[in-house]
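In the numbering used here, the protein residues as written are 208 to 1262.
First up is the structure itself, then whatever we jot down about it.
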């Protein structure tokens, strides 16, 4: 007894098993984590080293190069790049994708622990690249209060409570004032009294101390007392009155010199280093980082709920906030859109089934089976540790049509057997039995397409495996449902409407036309095959002529404007540029809010610079706006860029910000000879800009220069005055940056006392030269007496790649072009250029990712076809029948090309994944057809008649399954809803390919099969009867069979 018969005979047992699986699946679903995308863990790490005050050249020579030499031998290292800037060295390590950072972390840390770095350089930090490095939730906070200290204290208390939420890694507040006590020195008075900055700092520090003074042991009383000497500065007035020294005059009177005589002592705020504004109003920025593996949707929702509850408290209700970016909400909206697409697809597929069968109960049975298949898939997700994300749900939504197919094929065949007059129970058994081998073969062939994923590596593997397994899980769930639940329900509830007999259907006008078409194509087999070949060639040309890109763009409703002015500009100048951009942005009706940060990039966390600004623009919700994020960018970009032509301004979607701008190509030049590298770079930029129809701008990492005042110490003069160069350098560093003398308590807050020269000392060489430096004998010497000054231009950043100096060049191309077309133009320029033997170039960015992905996708396609053939050969126990079925694959390409052209989509990696999926889908219809042909031949029917009968009998299920699959994928392909752009190309490719292959399958597959079968191989050969008439081979075989059956002697005609 097989599983189908058991299910029909034991309905209660079947229902109980279903109930148990549903309960298991629902529990699993509630425990599945929710993410936007599968875990993508690129094996990339950064070694960051700070060396305050060091120039880029000094950083390279003393920090970057020594570390590069040590790190270049790390196991599995694929690429090594570095960026050396003022005071900072960043070394980026890229490893083979089959490794994890944990594999090499210990080895790298051992190297860093033993690295020899200059005095003054901080220990190198090893940082693993992780998506959780970036904020999951960003919001702007403002307050009705004017008391900055209370605002800071209240917000700090709120963040402490919010950090207790499970899943929150950390909270960062940007824009808070850093309060301090500023002791601003009067240079003239210092010279008058012969005091230095270090003297003032030492005196202040000595007045504010707490040091152990030993212990007192009382032997008589039997106890020990520890002692401590303390002296506190309790107020700013007390600080001003600190006595520096006492000076007697000629008359014997003593003059007391206090700190107030040589410096101005005030409270100071350092908030001016970064300006934060929300919609042109001062604000603070709050960024929330997630713990690794945390559920962004749940954590962000709980975070916002908890924050709302806190702000309802009377103590904190002076705060208000605006959400700038919420990854959790975007994930929720995107996944909800997939759920809606999944339900819509199922509904459309059920409607198609009703229209074909004109029977309400058939689609209801299917509708009952669909949720069971989906829920069972979620249970399998849980056991293989998958999350609910765009790829797994996208695979499920794409598979909804295929998930229905198995059940549709079974119920249609049961319906056909009932139309022959069989009782429901018998029809359910016979109908399912007849179609079981075809359904299993179809499921196995579709699943086998995904077997080659075990050979795929890198980011393609991390994206594709969850999607592939989601489809495979749903297919096997649907196979189980189709062979058990569907026949069981059909045997109890399915009815055939009156007048819907199978005999009447066969004699219908549609079937008559189909018979004529089948006979026509078999008579003109060669011409039809030539047409099919031309269609295939046209399809291949159309697919690759559409252009290629790595990934489709995703509409997150957020974009970033980055501003970078020349090095050395003041904060106010950058502020004015940002203000001009804000005025442009606020005029767009699709903009909801915008947060401006001037003086640094808070998303990257690498400090602040006065010449840098950023605006994060949040659009109104997806359903409330009439334009996509990309349309809004297109509408604003030109005006934003032209608002300040002296600044480098870029506008990027949220996901691309910091990771490469849209419509750009990037490549890196490397050469140990800097002069030759500069020359090569300049010549290539000129050649690229000559192609003005393709490329309109080029930018190099070496663009821009820093003005640097170099202090050249005269060693002889310095030695005569009692100095060594290192001593002078330390004094100058303190003069520029100030000395943190000590701390004092004020209103419950500990403030740093910072001893600084006035800003005017840095205004000119003359003022800088007047700085007094004490030598070892206590004498004060002006800097100008032992040093000269020279202003030079230096590179703001030095880039290195693979241990050689490098230039990173970014090329902007026209937005009407696709990635691979622009790359072809650039590559032609690079290949035609005669590089020196020691000069190399490497293309990076999305082009590199695309080029890495193409061989892997090609491998998937080739192995997918091979595995599909092998599975069918095993299923049919035939090496020839599967060849006929495989002919459906070329027929799909014209549909793929047409679909991409009509929808204006380039061939992305996601679309290529759809093409792999298409291999497993399009063969299913041909399997139904060929399997039925073989069944009819096994019953004694000749091949020609078996082909004709099979086309008629399989026409309806083929059409139904194709349309239900298309309808199931239609909501995904339309890309309706937030985040659907990521998976839409898969749906588009499958729908286009399936549509054309279905139409052609009914005619091309019979022709190919007729060539492979020896009985019909020469079916159009003519024979002459004994009475001189020309007849076809089929007529000849029919006459021969009739006469043999009658026992009469047959007069064989001449060929």
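For each residue, glycine too, the CB sits at the ideal point set by N, CA and C.
- Exposed is the label assigned to residue 662, since fewer than 16 other Cβ atoms lie within 10 Å of its Cβ.
- The DSSP-derived three-state label of residue 527 is strand.
- Uninterrupted alpha helix (DSSP H) stretches at least 4 residues long and entirely within the region 649 to 708 occur at 665 to 690, 692 to 700, given in chain order.
- Taking 3 residues as the shortest admissible run, the region 969 to 1019 contains the following complete beta strand (DSSP E) segments, listed from N- to C-terminal end: 979 to 981, 987 to 989, 994 to 1001, 1004 to 1008.
- In terms of CA proximity to residue 692, 577 leads the group 676, 803, 577.
- Proximity to residue 525 across 1161, 365, 1180, 1152 peaks at 365, based on C-alpha coordinates.
- With a cutoff of 9 Å on beta-carbon distance, residue 503 and residue 690 are scored as not near each other.
- Restricting attention to 780, 873, 489, the CA atom closest to the CA of residue 351 is found in 489.
- Beta-carbon to beta-carbon, residue 1026 and residue 1015 are separated by about 18 Å, too far to satisfy the 8 Å threshold.
- The beta carbon of residue 694 lies closer than 7 Å to those of 211, 214, 215, 617, 621, 635, 639 in the same chain, with the five residues before and after it left out.
- By the Cβ rule, the region 1159 to 1167 does not count as touching the region 728 to 741, because fewer than three pairs are nearer than 8 Å.
- Residue 996 has its alpha-carbon roughly 32 Å from the corresponding atom of residue 959.
- Residue pairing by DSSP places residue 476 opposite 386 in a beta bridge.
- Contiguous alpha helix (DSSP H) elements confined to the region 308 to 356 occur at 308 to 320, taking only those with 4 or more residues.
- For residue 1048, the three-state secondary structure derived from DSSP is strand.
- For residue 579, the CB contacts under 7 Å within the same chain, skipping 5 residues up- and downstream, are 225, 229, 688, 692 in chain order.
- Within its own chain, the residues whose Cβ lies closer than 8 Å to the Cβ of residue 294, once the five positions on either side in sequence are excluded, are 257, 258, 259, 260, 261, 266, listed in chain order.
- From the listed residues 680, 657, 660, the smallest Cα separation to residue 600 is found for 680.
- Taking all protein chains shown into account, residue 527 has fewer than 16 neighbouring C-beta atoms within 10 Å of its C-beta and is therefore exposed.
- With fewer than three CB-CB distances shorter than 8 Å, the region 764 to 772 does not count as touching the region 1120 to 1138.
- Taking each of 468, 1045, 1194 in turn and checking the Cα distance to residue 450, the smallest one comes out for 468.
- Annotated three-state conformation of residue 627 is coil, per DSSP.
- DSSP places residue 486 outside both helix and strand once states are collapsed to three, so it counts as coil.
- For residue 391 against residue 793, the beta-carbon gap comes to about 39 Å, at or over 8 Å, which does not count as contact.
- In the structure shown, residue 876 falls within a strand segment according to DSSP collapsed to helix, strand and coil.
- When only Cα atoms are considered, residue 571 and residue 798 end up about 45 Å apart.
- As a beta-bridge residue in DSSP terms, residue 455 pairs with 461.
- CA-to-CA, the gap between residue 1181 and residue 881 works out to about 52 Å.
- In chain order, 929 place their CB closer than 6 Å to the CB of residue 984, counting only its own chain and leaving out the 5 sequence neighbours on each side.
- Per DSSP, residue 962 is not a residue of any alpha helix (DSSP H); the beta strand (DSSP E) it occupies stretches across 956 to 963.
- When DSSP states are grouped into helix, strand and coil, residue 806 belongs to the strand group.
- Classified as exposed, residue 1228 has fewer than 16 neighbouring CB atoms from the shown chains inside 10 Å of its CB.
- Of all C-beta pairs linking the region 503 to 513 to the region 531 to 550, three or more are shorter than 8 Å, placing the two stretches in contact.
- Contact between the region 663 to 677 and the region 246 to 257 is present: three or more C-beta pairs spanning the two stretches fall below 8 Å.
- Nearest neighbour of residue 975 by Cα position, chosen from 981, 967, 982, turns out to be 967.
- Residues 771 of the same chain have their beta carbon placed closer than 7 Å to that of residue 855, with the five preceding and five following residues left out of the count.
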